[in-house]
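**Student:**
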Amino acid sequence: MTQTDQHRLIVPDDKVLAGGLLSVPILYRFSGELDSAALSRALDRVVDRHEALRITYERVGLRRLRENVQPPGVHLPLGEHVVSGPDEADRLVAARMAEMFDPDSLPLTADLYRLTGTEHLLLINVNHRVTDAWSNALIRRDLAHFYNAEVGVETAPLPAVEWRPGDYYAWRDTRMAGEPGRRHAAYWETQAPLLKWAGVRRQPEKFGARRPPARLADIPLAPADVAALRRLAAAERTTLYAVLLAVLFASLHAATAETGLVACSIHANRVRPEVWNTVGQFANLSYLRVDLPPAPRFADVLKLTRAASLEALAHQEYPLLNVVTHPGTTPRTVSRAGEVAFNMLASPPNADSAAGADFSGLRTASLPFPAGVSSHFDLEVFIAPRPEGLSGVLRWAEGGYEPEFAAALAGTYASLVSAAAQDPAVPLAGFREGFSRS
Numbered sequence: 005m006t007q008t009d010q011h012r013l014i015v016p017d018d019k020v021l022a023g024g025l026l027s028v029p030i031l032y033r034f035s036g037e038l039d040s041a042a043l044s045r046a047l048d049r050v051v052d053r054h055e056a057l058r059i060t061y062e063r064v065g066l067r068r069l070r071e072n073v074q075p076p077g078v079h080l081p082l083g084e085h086v087v088s089g090p091d092e093a094d095r096l097v098a099a100r101m102a103e104m105f106d107p108d109s110l111p112l113t114a115d116l117y118r119l120t121g122t123e124h125l126l127l128i129n130v131n132h133r134v135t136d137a138w139s140n141a142l143i144r145r146d147l148a149h150f151y152n153a154e155v156g157v158e159t160a161p162l163p164a165v166e167w168r169p170g171d172y173y174a175w176r177d178t179r180m181a182g183e184p185g186r187r188h189a190a191y192w193e194t195q196a197p198l199l200k201w202a203g204v205r206r207q208p209e210k211f212g213a214r215r216p217p218a219r220l221a222d223i224p225l226a227p228a229d230v231a232a233l234r235r236l237a238a239a240e241r242t243t244l245y246a247v248l249l250a251v252l253f254a255s256l257h258a259a260t261a262e263t264g265l266v267a268c269s270i271h272a273n274r275v276r277p278e279v280w281n282t283v284g285q286f287a288n289l290s291y292l293r294v295d296l297p298p299a300p301r302f303a304d305v306l307k308l309t310r311a312a313s314l315e316a317l318a319h320q321e322y323p324l325l326n327v328v329t330h331p332g333t334t335p336r337t338v339s340r341a342g343e344v345a346f347n348m349l350a351s352p353p354n355a356d357s358a359a360g361a362d363f364s365g366l367r368t369a370s371l372p373f374p375a376g377v378s379s380h381f382d383l384e385v386f387i388a389p390r391p392e393g394l395s396g397v398l399r400w401a402e403g404g405y406e407p408e409f410a411a412a413l414a415g416t417y418a419s420l421v422s423a424a425a426q427d428p429a430v431p432l433a434g435f436r437e438g439f440s441r442s
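Position 50, counted from 1, in the sequence shown is what the numbering used here calls 54; the numbers after and before it change by one each time, with no gaps.
1. Would you report the Cα separation of residue 252 and residue 385, rounded to the nearest angstrom?
2. Hey, residue 432 and residue 257 are a contact pair by Cβ (cut 8 Å); roughly how many whole angstroms apart?
3. Only counting the same chain, and skipping five residues up and downstream in sequence, which positions put a Cβ closer than 7 Å to that of residue 89?
4. If you drop the 5 nearest sequence neighbours on each side, which residues of the same chain put their C-beta closer than 6 Å to that of residue 131?
5. CB residue 283 to CB residue 80, shorter than 8 Å?
6. Beta-carbon within less than 8 Å of residue 312's beta-carbon, same chain only, minus the 5 sequence neighbours each way: which residues are those?
7. Specify whether the segment 360-371 and the segment 29-38 touch according to this definition: at least 3 beta carbon pairs, one from each stretch, less than 8 Å apart.
8. Would you kindly check if the distance between the Cβ of residue 85 and the Cβ of residue 116 is under 8 Å?
9. Within 10 Å of its beta-carbon, does residue 221 have 16 or more other beta-carbons around it, so buried, or fewer, so exposed?
10. Under a three-way DSSP split, which group does residue 271 fall into?
11. When DSSP labels each residue in this structure, what does residue 281 get in the three-state scheme?
12. Tell whether a beta-carbon distance below 8 Å holds between residue 254 and residue 420.
13. In its own chain, which residues sit with a C-beta less than 6 Å from the C-beta of residue 8, not counting the 5 before and 5 after it?
14. With distances taken Cα to Cα, identify the nearest neighbour of residue 76 among 217, 264, 55 and 289.
15. Given a cut-off of 8 Å on the beta-carbon distance, is the pair residue 363 and residue 152 in contact?
16. Answer with buried or exposed for residue 398, where buried requires no fewer than 16 other C-beta atoms within 10 angstroms of its C-beta.
17. To which residues of the same chain is residue 31 closer than 6 Å at the C-beta, ignoring the five residues directly before and after it?
18. Going along the chain, which unbroken runs of the beta strand (DSSP E) with 3 or more residues stay wholly within the segment 197-261?
19. Can at least three beta-carbon pairs, one atom from the segment 395-410 and one from the segment 181-195, be found at a separation below 8 Å?
20. Of all the alpha helix (DSSP H) runs that stay within the bounds of the segment 88-145, which reach a length of 4 or more residues?
21. For the alpha helix (DSSP H) containing residue 184, list its first residue and its last residue.
22. Can you tell me the Cα-Cα spacing of residue 319 and residue 287, whole angstroms?
23. Could you please give the first and the last residue of the uninterrupted beta strand (DSSP E) stretch that includes residue 309?
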């Protein structure tokens, strides 16, 4: 039985999904003369192009859903709202994102909020069952392409969508039934006993409870520091992803004084180029552990994180359901091991998420994920590309941590970025001070 049957289509209690837990939004601010009719037609063309965006669901018993793929030509309604100003728009955006998705309707909604005659907010809220961050980047790219075509701008053809999501699942399931699946299972034989609750939160969440809303704390990342960390990554034969994940581990050590540290990380899991232009839920979680030496320096953390990251990447295709059901783990164990998450967005080829999408005649700003919507994780460091470099934010579960602690963790992460950029051998002992006051 495929992941589609066993995992994505299991229906949790409504209390778990409430609060926008399945919302993966695309939020734009447009300045200029927007053609809303052309935008509506462009949205329909995006839905036509991607099968996953034409999926509806029906309940089969109490706990399962069955997928139904609608044929091309289905219309995605574009709600148009005149608002009094940004505050009302923000309130309506938050309300839309907190709504449950209607299983009988398409797995996305689209709303346009008119602030003035030349200022608009566009919210496309996509169901996480059919999308991930990579897929949302494709939706952004394709929407801009089709909007430009609809307003008469000549555009180059989009890359072909080679595989449907079902093609990938069939390929993946065949691999998991063979030697690759046995190799991944053997890896988890060694990893499962190492999973543990990170222990940053005062007490673990109650498994199966409704997820609390997430609050945000900015993590300023100076472009010069990011550039220095890129050079450090090259010198250490690793990636910027591994360096910034190491900063998270170093921050957790500063917060807890623990040396055995566990975090989960989100991987794009696009291991086949045939799905590089396919919208679908392919992203997967990996669980990483590093065991630091006494009196660690950042260089020690980076070395260990590099090794852990390479292992995680080698096993990123192993389905999360297999991890949860693996001997030696339970859903509760895996959930608690995922208290802390690291999420650094990957950009699809030919879809530069840093530059944003180019809508003809419009100045376009891609807006960050708003606060107040439920998060899958208690603590999540979220790194996103921006035209000037990278932006960082800490999303934290309301009620699980004191605001002062969240601010200290975000500040420590930013301070460690700057310190490691100047001296990768910086000792971590000095960063405990920020938490003695939180």
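Idealized CB from N, CA, C, for every residue including glycine.
Being a predicted model, the structure only gives us computed values, none of them experimental.
**Tutor:** In terms of the structure at hand:
1. Position 248 of the sequence shown, counting from 1, holds the residue named residue 252. Position 381 of the sequence shown, counting from 1, holds the residue named residue 385. C-alpha separation (whole angstroms): 8 Å.
2. Working through the sequence shown from its first residue, we reach residue 432 at position 428. Working through the sequence shown from its first residue, we reach residue 257 at position 253. Contact between residue 432 and residue 257 is confirmed by a C-beta separation of about 6 Å, below the 8 Å threshold.
3. Counted from its first residue, the sequence shown places residue 89 at position 85. So the list reads 119, once near-sequence residues are dropped.
4. Sequence index remark: in the sequence shown, residue 131 carries index 127 (1-based). Residues of the same chain with a CB within less than 6 Å of the CB of residue 131, apart from the 5 flanking positions on each side, are 26, 105 and 111 in chain order.
5. Position 279 of the sequence shown holds residue 283. Position 76 of the sequence shown holds residue 80. Residue 283 places its beta carbon 8 Å or farther from that of residue 80.
6. Taking the first residue of the sequence shown as position 1, residue 312 is located at position 308. Same-chain partners within the cutoff: 292, 293 and 294.
7. Result yes; three or more Cβ-Cβ pairs closer than 8 Å.
8. Looking up residue 116 in the sequence shown gives position 112. Looking up residue 85 in the sequence shown gives position 81. Taking a C-beta distance under 8 Å as the contact criterion, residue 116 and residue 85 qualify as a contact pair.
9. For the purposes of this step, residue 221 is identified with residue 217 of the sequence shown, where counting begins at 1. Residue 221 counts as buried, since at least 16 other C-beta atoms from the protein chains shown sit within 10 angstroms of its C-beta.
10. Your numbering for residue 271 matches position 267 in the sequence shown. Of the three classes helix, strand and coil, the one that applies to residue 271 here is strand, per DSSP.
11. Taking the sequence shown and counting its residues from 1, one reaches residue 281 at position 277. Correct three-state label for residue 281: coil.
12. As a first step, residue 254 must be located in the sequence shown, where it is residue number 250. As a first step, residue 420 must be located in the sequence shown, where it is residue number 416. Contact: yes.
13. Start at 1 with the first residue of the sequence shown, and residue 8 comes out as number 4. No answer about residue 8 holds up, because its pLDDT of 42 lies below 50 and its placement is not dependable.
14. As a first step, residue 76 must be located in the sequence shown, where it is residue number 72. Per the Cα distances, 55.
15. Here residue 363 refers to the residue found at position 359 when the sequence shown is read from its first residue. Here residue 152 refers to the residue found at position 148 when the sequence shown is read from its first residue. Yes, the pair counts as a contact, with Cβ atoms nearer than the cut-off.
16. Residue numbering aside, residue 398 sits at position 394 when the sequence shown is read from its first letter. By the neighbour-count definition (other C-beta atoms within 10 Å, threshold 16), residue 398 is a buried residue.
17. As a first step, residue 31 is located in the sequence shown; it is residue number 27 there, counting from the start. Once the five neighbours on either side are set aside, the close Cβ partners of residue 31 are 127 and 371.
18. Whole beta strand (DSSP E) segments, 3+ residues: 218-223.
19. Remark: fewer than three beta-carbon pairs, one from each stretch, lie closer than 8 Å, so the segment 395-410 and the segment 181-195 are not flagged as touching.
20. DSSP runs (the alpha helix (DSSP H)) wholly in the segment 88-145: 90-102.
21. As a position in the sequence shown, residue 184 is number 180, starting the count at 1. For residue 184, the enclosing alpha helix (DSSP H) begins and ends at 183-195.
22. What you label residue 319 is simply residue 315 of the sequence shown in a count that begins at 1. What you label residue 287 is simply residue 283 of the sequence shown in a count that begins at 1. So the two alpha carbons sit approximately 13 Å from each other.
23. Here residue 309 corresponds to residue number 305 of the sequence shown, with the count starting at 1. It is not in any beta strand (DSSP E) - residue 309 instead sits in the alpha helix (DSSP H) that spans 302-318.
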